[in-house]
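Numbering-wise, the sequence shown is residues 0 to 220 according to numbering that gives the first Met the number 0. Each residue gets a CB set at the ideal place from its N, CA and C atoms; glycine is no exception. This report refers to the structure that appears directly beneath it.
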Amino acid sequence: MEGYFVYSNINVYYIVPENADCVCYFHGTKEMAGKLAAKPFSSRVGLLAVSGEDWNRDLSPWAAPAVFRKGGDFSGGAGRHLSFLCENVIPLTEEKLGLHVVRRGLMGYSLAGLFALYAMYQTDFFTDIASVSGSLWYDGFIEYMVEREPLGKPHKVYLSLGLKEKNTKNVRMAEVESRTEKAMDYLCSIGIDCVFEKNPGNHFFQEEERMQKALLWLYGK
0 MEGYFVYSNI
10 NVYYIVPENA
20 DCVCYFHGTK
30 EMAGKLAAKP
40 FSSRVGLLAV
50 SGEDWNRDLS
60 PWAAPAVFRK
70 GGDFSGGAGR
80 HLSFLCENVI
90 PLTEEKLGLH
100 VVRRGLMGYS
110 LAGLFALYAM
120 YQTDFFTDIA
130 SVSGSLWYDG
140 FIEYMVEREP
150 LGKPHKVYLS
160 LGLKEKNTKN
170 VRMAEVESRT
180 EKAMDYLCSI
190 GIDCVFEKNP
200 GNHFFQEEER
210 MQKALLWLYG
220 K
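Structure below.
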């Protein structure tokens with residue numbers, strides 16, 4: 000099954016095998032969904048690309064100043080966006096597709112990877128989480144993580160970064176690797192199956208390949 004659903008400003012493009020009993024949602028494009036689906040990782044997993052969100056508003060957990068001089072501030076609308084996904088978009092999508100899922104994942108790249116981790120502290124809706132080159136440099140986020148436990152404790156959490164991502168003059172972003180390591184250590188300490196994979200290159204290098212690695216680790220075993 001392949002097609003589109005539209006919910007207000009949110010679009011969902013789906014590629015779902017007939018026998019799928021697992022799904023993985025991610026913030027991304029139709030083109031990315033097609034590329035990921037073209038490389039086999041599991042015949043049981045449907046991919047659903049979510050788009051249309053306001054990146055700095057809908058994926059940021061709380062307000063924070065811009066990280067780039069020409070970029071906008073983060074306004075902290077992740078909670079509202081997550082509620083819309085969990086209460087409307089996802090249930091309606093799975094009902095329309097006739098899905099009865101046993102595992103439901105949330106994967107994201109960059110700030111969407113941060114959003115995926117934030118989501119597991121707000122809801123037990125997702126059994127699998129992937130933060131691919133996630134923005135764990137985000138102000139106060141690692142402190143938020145280690146002061147509480149995720150709801151429902153997901154089955155698996157995948158973390159990754161490029162080896163060069165910490166090599167930046169931006170003081171906030173330079174903390175990304177050490178904070179991701181701290182996140183992995185904490186999640187492992189509370190019994191979650193978690194891995195932190197380091198990849199060649201900077202933040203924008205081989206995005207598709209990094210997301211494919213996440214899917215393989217979550218669903219290919």
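Beta-carbon gap between G75 and N10 smaller than 8 Å: Counting from one through the sequence shown, the residue named residue 75 turns up at place 76. Counting from one through the sequence shown, the residue named residue 10 turns up at place 11. No, the pair does not count as a contact, with Cβ atoms beyond the cut-off.
Exposed unless 16 or more other CB atoms sit within 10 angstroms - verdict on V170: In the sequence shown, the residue the question calls residue 170 occupies position 171. Exposed, since its Cβ has fewer than 16 Cβ neighbours within 10 Å.
When M144, I189, E93, E176 are compared against Y24, the one with the closest alpha-carbon: Along the sequence shown, one-based indexing puts residue 24 at 25. For the residues M144, I189, E93, E176, the minimum Cα distance to Y24 belongs to E93.
Strand pairing of D127, partner residues [DSSP]: One-based indexing of the sequence shown puts residue 127 at position 128. In DSSP, D127 forms a bridge with G104, K155.
Selection from V175, I128, F4, Q205 that minimises the alpha carbon distance to P90: For this step, residue 90 is matched to residue 91 along the sequence shown. The shortest C-alpha to C-alpha distance from P90 to any of V175, I128, F4, Q205 is the one to F4.
Spatial distance of Y120 from R43 (CA atoms): In the sequence shown, counting from the first residue as 1, residue 120 sits at position 121. In the sequence shown, counting from the first residue as 1, residue 43 sits at position 44. Taking the straight line from one Cα to the other gives about 26 Å.
K163 to N201 span [Cα, whole Å]: What you label residue 163 is simply residue 164 of the sequence shown in a count that begins at 1. What you label residue 201 is simply residue 202 of the sequence shown in a count that begins at 1. In this structure, the straight-line span from the alpha carbon of K163 to that of N201 is close to 5 Å.
Same chain, Cβ closer than 7 Å to G118, five either side skipped, listed in chain order: Within the sequence shown, numbered from 1, the residue matching residue 118 stands at position 119. The question names Gly, yet the displayed sequence has Ala at residue 118. Closer than 7 Å at Cβ, skipping near neighbours: L81, L105, F125.
Sub-8 Å separation of A182 and L217 beta-carbons: Counting from one through the sequence shown, the residue named residue 182 turns up at place 183. Counting from one through the sequence shown, the residue named residue 217 turns up at place 218. Taking C-beta atoms as the reference points, A182 and L217 fail to come closer than 8 Å.
Rounded straight-line distance, which links the Cα of K165 to that of A63: In the sequence shown, counting from the first residue as 1, residue 63 sits at position 64. In the sequence shown, counting from the first residue as 1, residue 165 sits at position 166. Roughly 20 Å separates the two Cα atoms.
Which of helix, strand or coil DSSP assigns to F25: Here residue 25 refers to the residue found at position 26 of the sequence shown. Three-state DSSP puts F25 in a strand.
Residues near P149 by beta carbon distance below 6 Å, same chain, minus five either side: Residue 149 sits at position 150 when you count from the first residue of the sequence shown. Same-chain partners within the cutoff: M119, Y120.
Residue interval of the alpha helix (DSSP H) (run including V175): Translated into positions along the sequence shown, residue 175 becomes position 176. Run containing V175: 175-188, per the alpha helix (DSSP H) assignment.
Where A63 falls: helix, strand or coil (DSSP): Translated into the one-based positions of the sequence shown, residue 63 becomes position 64. Residue state, collapsed to three classes: strand.
Of the listed residues A77, F83, H99, nearest to G112 (C-alpha basis): As a first step, residue 112 is located in the sequence shown; it is residue number 113 there, counting from the start. Checked all of A77, F83, H99; the closest Cα to G112 is A77.
D57: first and last residue of the uninterrupted beta strand (DSSP E) it sits in: If you number the sequence shown from 1, residue 57 lands on position 58. Per DSSP, D57 belongs to no beta strand (DSSP E); it is in the alpha helix (DSSP H), 54-57.
Alpha carbon of E196 to alpha carbon of M31, nearest angstrom: Working through the sequence shown from its first residue, we reach residue 196 at position 197. Working through the sequence shown from its first residue, we reach residue 31 at position 32. Between E196 and M31, the C-alpha separation is close to 21 Å.
Nearest candidate by alpha-carbon position, reference H154, set R147, T167, Q211, I189: Sequence index remark: in the sequence shown, residue 154 carries index 155 (1-based). The shortest C-alpha separation from H154 is found at I189.
Cross-strand partners of F73 (DSSP beta bridge): Here residue 73 refers to the residue found at position 74 when the sequence shown is read from its first residue. Its beta-bridge partners are A63.
8 Å Cβ cutoff met for L46 and A36: On the sequence shown, residue 46 is found 47 positions in, with the first residue counted as 1. On the sequence shown, residue 36 is found 37 positions in, with the first residue counted as 1. Their beta carbons are under 8 Å apart, which means L46 touches A36 by this criterion.
Cβ-based neighbour list, C85, same chain, cut-off 6 Å, excluding 5 preceding and 5 following: Here residue 85 refers to the residue found at position 86 of the sequence shown. So the list reads T122, F124, once near-sequence residues are dropped.
DSSP state of Y143 mapped onto helix, strand, coil: As a first step, residue 143 is located in the sequence shown; it is residue number 144 there, counting from the start. If DSSP states are grouped into helix, strand and coil, Y143 belongs with the helices.
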